[in-house]
Amino acid sequence: MTNKNSGISSFLQNKSAHSIALFEGLLGSFQEIGDVNLHAAKTMISISNRVNFAYVIQIGKDFIDVVLPFKQGYEDNYCFRKIKKVPAGDDYNHHLRIYQLEDLNEEVRTFLKMAYEKGR
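Add 1010 to the 1-based position in the sequence shown for the numbering used here, that's all there is to it.
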């Protein structure tokens, strides 16, 4: 994993140990699939291989919010709390909230792998 800037540590500053562990668990899940790069922007952390394929959009006290963009909406699942079509685009943002490391289950890992493959 490479960090494109040092903004990752400042993005995680003052976050709870639980939330940081969730973030690290998410990264570990992606790293099991392949190499990832991180880039911190003002409001999110992008995860990429060749192109961005996942975004950590919020790190709360006891959760992290992740967005996975796909070209279609995957409505038949138990993991996404919201799926929204991107205005003026052809992507569907799939919103995932992770409260526990156990939330990174087989179903979620399947979608993480699909997103990773999209980013290659």
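Backbone N, C-alpha and C fix where the C-beta goes; we use that ideal spot for every residue, glycine too.
Being a predicted model, the structure only gives us computed values, none of them experimental.
Do the CB positions of residue i and residue j come within less than 7 Å of each other?
i: V1096; j: N1087; result: no
i: V1066; j: V1076; result: yes
i: G1017; j: A1050; result: yes
i: I1043; j: K1128; result: no
i: P1079; j: D1101; result: yes
Thinking residue i and residue j are a contact (beta carbons under 8 Å), I'd like their distance in whole angstroms, please.
i: I1069; j: S1039; result: Not confirmed; about 16 Å, so no contact.
Which residues does DSSP pair with residue i in a beta bridge?
i: D1075; result: Q1068 and R1107
i: F1090; result: L1106
i: F1080; result: Y1102
Name the residue from the options whose alpha carbon lies nearest to the alpha carbon of residue i.
i: Y1109; options: K1071, I1018, A1064 and L1048; result: K1071
i: F1021; options: F1063, S1056 and L1122; result: S1056
i: E1117; options: F1080, F1073, A1051 and F1090; result: F1090
i: Y1126; options: A1098, Q1082 and V1046; result: V1046
i: D1113; options: A1027, D1100 and L1036; result: L1036
i: K1092; options: K1081, R1107 and D1101; result: R1107
Is residue i helix, strand or coil by DSSP?
i: A1051; result: coil
i: Y1126; result: helix
i: S1058; result: strand
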